[in-house]
Amino acid sequence: MFYGVGIMILDKNNLSINVLQELIDNKVFENKELEYKNYTFTDGKISAITDKEKDKFIKEIAAFANTNGGVIVVGMQENEDRLPQQLTGCGMKMADFDDWLSSFRQVVLSKIRPHLHGVECFPVELSDKTIVIVVFIPKSYSRPHSFWDGNKDEFYLRYANGITNMDIDDLRKEFLFSSSLQNQILQFKRDRISMILSNECIGNIDDNAKLVLHVLPEWSFELGNLISISNISNDTNIIPISGDIGNYRYNADGFYRYSNNDETHDVDTYIQLFHNGIIEATEIKLISGWKEKLIFDLKEIQSAIIQAMNRYQCFLQKHGVLKPWHIFITLLNAKGYQTTWTYKNSSKLIDRNIVTTQSGIWREDNNIDDAIKPVLDSLSNAFGFERSYCYDKEGKINFK
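Under our numbering, the residues of the sequence shown are numbered 1347 to 1746, in order.
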């Protein structure tokens, strides 16, 4: 029902009135990751609370995101000792929740900068007349987030059972973290590309063209964040882009699945899953194993990439790897290669050996089609196409 070390935190997959009542029965104080609010949103209107209450609510959300993340239970009354005393509800029916949620998101969007992704709200019905709302705030990897009062930015951290202003040292540390994280992501990708080109990271790979997909969760760069790689050999979500099951082995980096060329026995497709949840999928046979200097149809390849990303999402979410995830595609040894679109329209020749696409970011509030569009557009540009024709002119996915 609860998880955590030394603190009791609600599980969003197991919410009920009985679970919330246990907070009262067990006398669970507010703490660094738990807050109670006794707000009344009459008829689902967020404007029903005062501006001061609304600002405090949003400041606490920003503070949680800037610290370790946390949970706010809205509709819980405390006693004078700040212990949870009674589930009162927040003054609205279940039918009003969607309107409230829309207004809440607008307030968060207008008051927290930069935009905070991944905040989730869950209604729990207390009676026919009222609900409790449980708000889950993730630890943000885009911190620090400010509260914007219309004139200035204010930065907060969560401590014990309250919030405090960030001082100059706190701000310096967080801004350095943000810059350092982006550098770590790019440096990891550069290092892996260098190792692939040097044939140092897996079994023997030839010098023909290849496509490398990197899925780099920000979560993976936090020290100590690891996933379990035991008993995953039968998991068909963690397979190469081409969908080949092939062979597998465990290695120093984690788990590695691959297949070999029947004639040369060189590796022609693989996926490397790292201990920290990073995924590297390299496709060779679809890129250089079809015809001389002719890559398999680009529409088919891009469709396979999207399908692979949906598989990888199933795997990573199952293992608790939080978004955002950064997505990159790199073409290696590609100079002089060309492709087709739907086997009809021939592309231009690639004009360089290494092609690095624009990055995509898959957040909690977008889908893979939107997240990977800049990646696929820039991949198509490299072949001389105006854009990825997996999308229509309005940017909607269209595989027709």
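Ideal Cβ placement from N, Cα and C applies to all residues, glycine included.
Here the structure is a predicted model, which is why all the values come from computation and not from measurement.
Tell me which residue opens and which closes the alpha helix (DSSP H) that residue i is part of.
i            : result
residue 1627 : Taken as a continuous stretch (DSSP letters only), residue 1627 belongs to no alpha helix (DSSP H), being part of the beta strand (DSSP E) at 1625-1629.
residue 1715 : 1714-1717
residue 1365 : 1363-1371
Where do the N-terminal and C-terminal ends of the beta strand (DSSP E) with residue i fall, by residue?
i            : result
residue 1422 : 1422-1424
residue 1606 : 1600-1606
residue 1740 : Where residue 1740 is concerned, there is no enclosing beta strand (DSSP E), given that its DSSP letter is neither H nor E.
residue 1480 : 1477-1483
residue 1556 : 1556-1563
residue 1496 : Note, residue 1496: premise wrong, no beta strand (DSSP E); not H, not E.
residue 1570 : From DSSP, residue 1570 is part of no beta strand (DSSP E); its letter is neither H nor E.
Determine the burial state of residue i: buried for a count of at least 16 other Cβ atoms within 10 Å of its Cβ, exposed for fewer.
i            : result
residue 1290 : Any answer about residue 1290 is impossible in this case: the structure gives the chain only from 1347 up to 1746.
residue 1381 : buried
residue 1495 : exposed
residue 1436 : buried
residue 1689 : exposed
residue 1656 : exposed
residue 1406 : buried
residue 1569 : exposed
residue 1413 : buried
residue 1513 : exposed
residue 1357 : exposed
residue 1349 : At residue 1349, the pLDDT of 34 sits below 50, so the modelled position is not reliable and the matter cannot be decided from this model.
residue 1600 : buried
residue 1385 : buried
residue 1528 : exposed
Identify, in the order they occur along the chain, each residue of the same chain with its Cβ nearer than 8 Å to the Cβ of residue i, setting aside the five sequence neighbours on each side.
i            : result
residue 1699 : 1678, 1679, 1680 and 1681
residue 1734 : 1648, 1719, 1722, 1723, 1725 and 1726
residue 1363 : 1433, 1470, 1471, 1472 and 1478
residue 1521 : 1490
Apart from the five residues on each side of it in sequence, which residues of its chain come closer than 6 Å, Cβ to Cβ, to residue i?
i            : result
residue 1730 : 1693 and 1694
residue 1738 : 1744
residue 1686 : 1643 and 1692
residue 1565 : 1571, 1667 and 1668
residue 1562 : 1531, 1624 and 1672
residue 1482 : 1358, 1417 and 1466
Mapping the DSSP letters down to three states, classify residue i as helix, strand or coil.
i            : result
residue 1515 : helix
residue 1616 : strand
residue 1591 : coil
residue 1678 : strand
residue 1641 : coil
residue 1729 : coil
residue 1474 : coil
residue 1528 : helix
residue 1751 : The displayed coordinates of the chain run from 1347 to 1746. Any statement about residue 1751 would go beyond what the structure contains.
residue 1652 : helix
residue 1379 : coil
Grab me the residues of residue i's own chain with a C-beta within less than 7 Å of its C-beta, minus the 5 sequence neighbours each way, in chain order.
i            : result
residue 1446 : 1387, 1390, 1392 and 1438
*For the segment 1393-1467, list the alpha helix (DSSP H) runs that are entirely contained and at least 4 residues long, ordered along the chain.*
1397-1412 and 1443-1457
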